[in-house]
Every structure is written in structure tokens, then in C-alpha cells.
Amino acid sequence: MRIAVIDGQGGGIGKHIVEQLRKKIPELNILALGTNALATGAMLRAGATEGASGESAICYNVERVDIIVGSVAIMMVYGLLGEITASMATAISASKAEKLLLPIQRGNIQLVGVPRIPLPHQIEALVAVVEERLKAE
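The opening position of the sequence shown corresponds to residue 5 in my numbering, with each subsequent residue numbered one higher.
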């Protein structure tokens, strides 16, 4: 199974996701996809198997993974403080890969009916779902 972790800005959320995935599932093939080199670098240092940066890399690779993870903002045009382009959001949304998204609520987006829980707990839940998917294979 190949999983893409998508993040932008400084890659902090993606870094934490990669660290937890690597700790719980050491054999997992993790592709770090950053909107910029700084984000990709942070995820690579956290243990991603390989990485790529930018719009073209994200649009190309989302069709070549089984699962996409990140914050819900990766599917919104101008998400991550404007780093998500229309092409990126379209490619991620249209990808046949399963999307496991963290309900991080920032800016003027509020996900109604989704409780606000701390990021570490959200990442814990995400890793548990990935583990379930691996067992099902």
C-alpha cells in the first residue's frame, strides 16, 4: 500500500502524520507531497519514504497512491492560506484514492457536527484507520 501525505506551509501537520504512521506501521510506503519544498523536507525528515513538491508533483502523484491523507483544506481551492491551487484541489478530489482528511477548522470554514478535538487525537484516529485498511488487504 502506498499513502500520500499532503501538506503545505511548514509541513508541521504532515510531519506529525508521517511520524505517527512510521511509528505504528514501519513498513508503510509514505509519499510526502508538499505544496512547497519546506513542507516536503519536514515530512521527509519525519520518515517519509520519498517526497515531491509543487503543483505538478501533487497533480501527478495523487493518481498513483492508494490513500491520500492531510487536512480537509487540501481539497479546497486556496486552502492552506492559498497554497492549494484549483488544479491541486481538482486532482485530489478526482483521484480514485481513498481520502482520509483531518477536520482542521481554520479561517471561515466550519465543519458542522464535527467535534473539535486536539490535533494529536485526530492523527491517532487517522493512523488507526490506516491500520484497519492494511489489515483488510
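A virtual CB, placed ideally from N, CA and C, is assigned to each residue, including glycine. All values derive from a computational prediction rather than experimental measurement.
Nearest-angstrom beta carbon gap, Gly83 and Gly18 [assumed within contact, 8 Å]: By one-based count along the sequence shown, residue 18 stands at place 14. By one-based count along the sequence shown, residue 83 stands at place 79. Not a contact, Cβ separation roughly 13 Å.
Sequence-distant residues of the same chain with beta carbon closer than 7 Å to Glu59, five excluded per side: Position 55 of the sequence shown, counted from the first residue, corresponds to residue 59. Contacts found: Thr89, Ser91, Met92.
Would the stretch 28-37 and the stretch 45-53 be scored as touching if the rule is three or more Cβ pairs under 8 Å? yes
Indicate whether Ser99 and Glu54 have their beta-carbon atoms separated by less than 8 Å. Position 95 of the sequence shown, counted from the start, is the residue given in the question as residue 99. Position 50 of the sequence shown, counted from the start, is the residue given in the question as residue 54. No, the Cβ-Cβ distance between Ser99 and Glu54 is not below 8 Å.
Pull up the distance between the alpha-carbon of His97 and that of Leu25, whole angstroms please. Translated into positions along the sequence shown, residue 97 becomes position 93. Translated into positions along the sequence shown, residue 25 becomes position 21. The amino acid occupying residue 97 in the given sequence is Ser; His does not appear at that position. Cα to Cα, the separation comes out at about 23 Å.
Looking at Leu115 and Pro122, is the spacing between their C-beta atoms short of 8 Å? The residue labelled residue 122 in the question sits at position 118 within the sequence shown. The residue labelled residue 115 in the question sits at position 111 within the sequence shown. Cβ distance not < 8 Å, so Pro122 and Leu115 don't count as in contact.
Report yes if the CB atom of Glu136 is closer than 8 Å to the CB atom of Met5, and no otherwise. Position 132 of the sequence shown, counting from 1, holds the residue named residue 136. Position 1 of the sequence shown, counting from 1, holds the residue named residue 5. Going by C-beta atoms, Glu136 is not nearer than 8 Å to Met5.
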